[in-house]
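K.L.:
Mind having a look at this structure? Questions to follow.
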Amino acid sequence: MSAASDISEKPKRGFRLELKTVGPLLALLLLVLLGISLNENFLSYSNLTNVLARSSFIGIIAIGATFVITAGGIDLSVGSMAAVIAGLMIMVMNWLIPTMGIGWGVVLAGMLAGILLGGVAGTFNGLMITRGRIEAFIVTLGTMGIFRSLVTFLANGGTLSLNFDVADVYRPVYYDGLLGVPYPIIVFALVAIGGEILMRRTAFGRHCAAIGSNEQVARYSSINVDNVRLLTYILQGLLVGVAVLLYVPRLGSASSTTGVLWELEAIAGVIIGGTTLKGGYGRIWGTVVGVVILGLIGNILNLQSLISPYLNGAFQGVIIILAVLLQRGKRT
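Structure representation (structure tokens):
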């Protein structure tokens, strides 16, 4: 290749890199402008906080998914995992009422149980993948069915409901906030900041990218691939637990339909944000933008009644396919 062709390629590569960086932000800006033009209530404080609060569950889970996907993995079980954690949390809190009474003690015990259950579920997925040597797609597809069936069994095909008095104590965790900002949004922001630091400023984040880029080279570089990959699934499980802590006080119940399609929304947010589906490159801030984009799209469609809400899953599936096609185009 001549020197002239090298020079001509550099601007193209620089443009592609810049487009990849600003693309999600540009899409978000265009979406906001579209929302403003279609509905005068779009920029209202109540509408935007409602969108962000509802997006916080998926956003927190998607941050965990960013680490999993960056390291070359996938987790299809997060929605079902959220459902079974929510169901077990409710059962734990109801079970402790006779012993601990109505109050924050019961709520905190349930929250701790949710975090621990998320860690256990994530550890199980990670061990099956790293020690059992089973493909991540197969393991998490299997646990997706296990978790969903388990919550259906626990609810006897119905709904697990939190005691009304405990629900009243717990409800402010979702509906209240600090300085007018709902707690779910605050937690989402803190998790995003922590995730960005972990991804960009620590050896763990660099190892995730190295493993996803080329696992064999990572092994030759003395990276403990199995342990790093296991940690990504544990982190994913813990963040699912955190998301559920914020979700349960919203409705105070769990059923077989809880968390349906959450895995699709989380993966869509990750891919829209620019993280490479095959691994090797991940962006936490991009995932946050991707999740907000999904939330705003759903909000605009609902405000304008453009499509049936029953088609939201189909719409998200189309977005995932288009995002992956765009990634393939960037590599050619």
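Mapping the sequence shown onto full-length UniProt numbering, position 128 (from 1) lands on 128, and the numbers just tick up by one.
Virtual Cβ for every residue (Gly too), placed ideally from N, Cα, C.
1. Could you pull out every residue in the same chain whose Cβ sits closer than 7 Å to the Cβ of V51, ignoring the five residues on either side in sequence?
2. With C-beta atoms as the reference, is G259 less than 9 Å away from T275?
3. On the three-state DSSP scale, how would you describe L178?
4. Could you tell me the boundaries of the alpha helix (DSSP H) in which S80 lies?
5. With three or more beta-carbon pairs closer than 8 Å as the criterion, would you say the segment 47 to 64 touches the segment 212 to 225?
6. How long is the line joining the alpha carbons of P98 and A113, rounded to whole angstroms?
7. Please classify S308: is it buried, with 16 or more other beta-carbons within 10 angstroms of its beta-carbon, or exposed?
8. Note the first and the last residue of the continuous beta strand (DSSP E) segment covering S161.
9. For F15, which residues in the same chain have their Cβ closer than 6 Å to its Cβ, ignoring the five residues on either side in sequence?
10. Would you call the segment 255 to 274 and the segment 162 to 175 touching, i.e. three or more CB-CB distances under 8 Å?
11. Please classify F42 as buried or exposed, where buried requires at least 16 neighbouring CB atoms within 10 angstroms.
12. Count the other CB atoms within 10 Å of the CB of E9; is the residue buried (16 or more) or exposed (fewer)?
13. Please state if the CB of L303 and the CB of N39 are separated by a distance shorter than 9 Å.
14. Which partner residues of S253 appear in the DSSP bridge assignment?
15. Between M81, A136, R200 and A209, which has its C-alpha nearest S256's C-alpha?
16. Cutting at 7 Å between CB atoms, please list the residues of its own chain near I58, excluding the five before and the five after it.
17. Excluding sequence positions up to five away, which residues of its chain have a Cβ less than 6 Å from the Cβ of Q236?
18. Can you give the Cα-Cα distance for T130 and T70, rounded to whole angstroms?
19. Check each candidate in I85, L31, S44 and L322 and name the one with the smallest Cα separation from L154.
20. By the 10 Å Cβ neighbour count, where 16 or more other Cβ atoms means buried, how is Q316 classified, buried or exposed?
21. Give me the residue from E215, W95 and V139 with the minimum Cα distance to G280.
22. Buried or exposed: which applies to S77, given that a residue is buried once 16 or more other Cβ atoms fall within 10 Å of its Cβ?
23. With respect to the alpha helix (DSSP H) encompassing E263, which residues constitute its N-terminal and C-terminal limits?
24. Just to confirm my understanding: we take F147, look at its own chain, exclude 5 residues before and 5 after, and list those with CB closer than 8 Å. What are they?
25. Thinking Y170 and D176 are a contact (beta carbons under 8 Å), I'd like their distance in whole angstroms, please.
26. If you draw a straight line from the alpha carbon of V244 to that of L117, how long is it in whole angstroms?
P.N.:
So, to answer that:
1. Within the sequence shown, residue 51 is the residue found at index 51, counting from 1. Closer than 7 Å at Cβ, skipping near neighbours: G295, L296 and N299.
2. Position 259 of the sequence shown, counted from the start, is the residue given in the question as residue 259. Position 275 of the sequence shown, counted from the start, is the residue given in the question as residue 275. Taking 9 Å as the cut-off, the Cβ atoms of G259 and T275 do not count as close.
3. Within the sequence shown, the letter at position 178 stands for residue 178. DSSP places L178 in strand when its eight states are reduced to three.
4. Position 80 of the sequence shown, counted from the start, is the residue given in the question as residue 80. It spans V78 to M100 - the alpha helix (DSSP H) in which S80 sits, taken as one unbroken run.
5. These segments do not touch.
6. Along the sequence shown, one-based indexing puts residue 98 at 98. Along the sequence shown, one-based indexing puts residue 113 at 113. Their Cα atoms are separated by approximately 17 Å.
7. Counting from one through the sequence shown, the residue named residue 308 turns up at place 308. Classification of S308: exposed, given that the 10 Å Cβ count is below 16.
8. By 1-based counting over the sequence shown, the position of residue 161 is 161. Here the beta strand (DSSP E) through S161 covers T159 to S161.
9. As a first step, residue 15 must be located in the sequence shown, where it is residue number 15. Residue placement at F15 is poorly supported in this model, since its pLDDT is 46, which falls under 50; the coordinates are not used for a value here.
10. Taking 8 Å as the limit for Cβ pairs, the verdict is that the segment 162 to 175 does not touch the segment 255 to 274.
11. Position 42 of the sequence shown, counted from the start, is the residue given in the question as residue 42. Classified as buried, F42 has 16 or more neighbouring CB atoms from the shown chains inside 10 Å of its CB.
12. Here residue 9 refers to the residue found at position 9 when the sequence shown is read from its first residue. Any reading at E9 must be qualified, since the residue scores a pLDDT of 45, below 50, and its modelled position is unreliable; the value itself is stated next. With fewer than 16 other Cβ atoms within 10 Å, it is exposed.
13. If you number the sequence shown from 1, residue 39 lands on position 39. If you number the sequence shown from 1, residue 303 lands on position 303. Yes, these two residues count as a Cβ contact at 9 Å.
14. In the sequence shown, counting from the first residue as 1, residue 253 sits at position 253. Partner(s): S161.
15. Start at 1 with the first residue of the sequence shown, and residue 256 comes out as number 256. The residue with the shortest Cα to Cα distance from S256 is M81.
16. Residue mapping note: residue 58 aligns to position 58 of the sequence shown, counting from 1. Cβ within range, chain order: W262, E265, A266, G269 and V291.
17. If you number the sequence shown from 1, residue 236 lands on position 236. Excluding residues within five positions, the ones whose Cβ falls inside 6 Å are G64, V68, D75 and G122.
18. As a working mapping, residue 130 is identified with position 130 in the sequence shown. As a working mapping, residue 70 is identified with position 70 in the sequence shown. C-alpha of T130 to C-alpha of T70: approximately 16 Å in a straight line.
19. Within the sequence shown, numbered from 1, the residue matching residue 154 stands at position 154. Among I85, L31, S44 and L322, the Cα nearest to that of L154 is on I85.
20. Here residue 316 is taken as the residue at index 316 of the sequence shown, counted from 1. It is buried - the Cβ of Q316 has at least 16 other Cβ atoms within 10 Å.
21. By one-based count along the sequence shown, residue 280 stands at place 280. The shortest C-alpha separation from G280 is found at E215.
22. Counted from its first residue, the sequence shown places residue 77 at position 77. With at least 16 other beta carbons inside 10 angstroms of its own, S77 counts as buried.
23. The sequence position of residue 263 within the sequence shown is 263, counting from 1. First-last of the alpha helix (DSSP H) with E263: W262 to I272.
24. By one-based count along the sequence shown, residue 147 stands at place 147. By the criterion of a C-beta distance shorter than 8 Å, F147 is surrounded in its chain by S77, S80, M81, A83, V84 and A121, once the five residues flanking it on both sides are discounted.
25. Against the sequence shown, residue 170 aligns to sequence position 170. Against the sequence shown, residue 176 aligns to sequence position 176. 11 Å between Cβ atoms; not a contact.
26. Stepping through the sequence shown from its first residue, residue 244 is reached at position 244. Stepping through the sequence shown from its first residue, residue 117 is reached at position 117. Looking at the two C-alpha atoms, the distance is approximately 11 Å.
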